[in-house]
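Numbering (full-length UniProt numbering), first residue to last: 1 to 200. Heads up, the beta-carbon is just placed ideally off N, CA and C, and yes, glycines get one too. Down below is the structure, laid out as structure tokens.
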């Protein structure tokens, strides 16, 4: 047990819904539009079904309530939700926990690294080279996004997740380079041949 609080709604998408409703009441369709407009889709994976499911979970937990039903001849009837005091408290408590407490995560790359020794050194080095190129492309994309937003006058505080992403990408790229160098070392290649050579 890592001391992380057990939450009534644990899906991170719930955090996004609570945060958007802090600004103003809105219906799920508008929530989805805001997530897309603000490019939060990278941090919160969702589709229409999962968004409505989380909204229902938050409602059941008492964190949001129905404020009104909007009827528009052009569109289906839509329910507008607003944050409750319990929802506001949950948002701040959840956000503070995520900001302050590191959590063990299980990325796919970590899973692959745990068995990298199974691959022939030259193949592992080639694959890492491809990963480094992909990481650089992602970093360039993030830099361009930050620059475009900054040029449009977006305040830096609304870009911190992209800055964080850039730091993580750069750190991973440096790590990948060092690992590829280590896997190319003749001593490692000989050791791999001794252990795995007959099995590959």
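Residue i versus residue j - alpha carbon distance
| i | j | result |
| --- | --- | --- |
| residue 180 | residue 39 | 33 Å |
| residue 16 | residue 7 | 15 Å |
| residue 78 | residue 165 | 35 Å |
| residue 37 | residue 116 | 39 Å |
| residue 68 | residue 30 | 14 Å |
| residue 148 | residue 51 | 29 Å |
| residue 125 | residue 11 | 37 Å |
| residue 155 | residue 167 | 19 Å |
Status (buried if at least 16 other CB within 10 Å, exposed otherwise) for residue i
| i | result |
| --- | --- |
| residue 123 | exposed |
| residue 157 | exposed |
| residue 9 | buried |
| residue 95 | exposed |
| residue 26 | buried |
| residue 186 | exposed |
| residue 63 | buried |
Distance between beta carbons of residue j and residue i, contact taken as under 8 Å
| i | j | result |
| --- | --- | --- |
| residue 207 | residue 159 | An answer regarding residue 207 cannot be provided, because it is not within the stretch 1 to 200 covered by the chain. |
| residue 169 | residue 139 | 4 Å |
| residue 189 | residue 121 | 5 Å |
| residue 172 | residue 135 | 6 Å |
* Indicate whether the contact test is met: 3 or more Cβ pairs, each with one atom in the stretch 19 to 30 and one in the stretch 80 to 100, closer than 8 Å. => yes
* Which runs of the beta strand (DSSP E) spanning at least 3 residues fall entirely within the stretch 52 to 83, listed in chain order? -> 64 to 72 and 75 to 83
* Asked: Hey, which unbroken runs of the beta strand (DSSP E) at 3 residues or more fall wholly within the stretch 123 to 152?
  -> When DSSP assignments are scanned along the stretch 123 to 152, no uninterrupted stretch of beta strand (DSSP E) that is 3 or more residues long falls wholly within it.
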